[in-house]
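These protein sequence lines are chains X and B, in that order.
Take the first sequence: its letters are residues 698 to 808, numbered as in my numbering.
Take the second sequence: its letters are residues 7 to 122, numbered as in my numbering.
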Amino acid sequence: EDQVTQSPEALRLQEGESSSLNCSYTVSGLRGLFWYRQDPGKGPEFLFTLYSAGEEKEKERLKATLTKKESFLHITAPKPEDSATYLCAVHAMNRDDKIIFGKGTRLHILP
Amino acid sequence: SQTIHQWPATLVQPVGSPLSLECTVEGTSNPNLYWYRQAAGRGLQLLFYSVGIGQISSEVPQNLSASRPQDRQFILSSKKLLLSDSGFYLCAWSVRLAGGRADTQYFGPGTRLTVL
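So this is what it looks like as structure tokens:
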């Protein structure tokens with residue numbers, strides 16, 4: 698069964714304290730892996746799409762990496778405005794146009 | 007650029023009342039369209055998706071239905087709401103890419119539905 702698991706469920710960091718969020722997946726074949734940011738009461742905001750193992754993408758303080766079993770979202774020197782829930786989703790080969798979401802990691806950056 | 011709209015933003019409805027949520031997309035043609043529900047502490051649950059006008063696939067066959075009367079319009083409906091229908095409803099769109107590449111989905115602002 699296709700699955701996406703995110704860890705940790707919640708993470709509290711001091712401003713400037715770098716860390717990583719994990720997304721592990723089990724799918725029959727990967728078309729792509731997505732990262733989104735979601736603020737309370739708002740729709741998810743697209744961050745990155747990764748297509749193959751070894752691929753990396755960066756945006757400001759965020760960097761996403763992909764292996765054959767998992768993806769990491771690295772946050773370097775975070776600021777309070779980086780506080781949000783980060784969602785990982787996977788598009789599997791056998792799922793037509795549907796993607797599977799993880800439950801997310803709630804990130805809180807303390808000033 | 008593409009934009010996606012949802013309305014209303016918030017809705018409070020009594021049990022047993024009907025529901026109609028609307029989603030429209032601008033700046034693209036023939037998008038794939040999706041309805042999700044997000045409950046507290048749970049992930050996004052896909053409810054319906056559509057690859058074209060009048061083409062609806064249901065993932066959760068309960069008291070909800072969806073329709074796509076126009077290319078960039080997607081409507082979520084119910085004849086009689088249940089308490090369990092409360093949640094955050096999200097519409098999303100994507101463009102089908104060639105070669106089987108993954109279709110990035112872009113989300114609307116959402117509708118907060120409370121059923122009392």
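Where a beta carbon is used, it is the ideal one built from N, C-alpha and C, also for glycine.
Computed from a prediction, not measured in an experiment: that's the story for all the values here.
Three or more beta-carbon pairs separated by less than 8 Å link the region 31-42 of chain B to the region 55-63 of chain B, which places the two stretches in contact. Beta-bridge analysis with DSSP links Q19/B to V121/B. In the three-state scheme derived from DSSP, where H, G and I count as helix and E and B as strand, E28/B is classed as strand. The three-state reading of DSSP puts P777/X in helix, counting H, G and I together. When 7 Å is used as the limit between beta carbons, P741/X is near these residues of chain B: F113, in chain order. In the displayed model, S749/X falls within coil according to three-state DSSP, outside both helix and strand. Taking a C-beta cut-off of 7 Å against chain B, the contacting residues of the region 763-797 of chain X are H788, D794, K795, I796, listed in chain order. In the same chain as L87/B, and ignoring 5 residues on each side of it, the C-beta atoms closer than 7 Å to its own belong to Q19, V21, G22, S23, L25, V121, in chain order. Excluding the 5 residues flanking it on each side, T746/X has same chain C-beta neighbours closer than 6 Å at G729, F731, in chain order.
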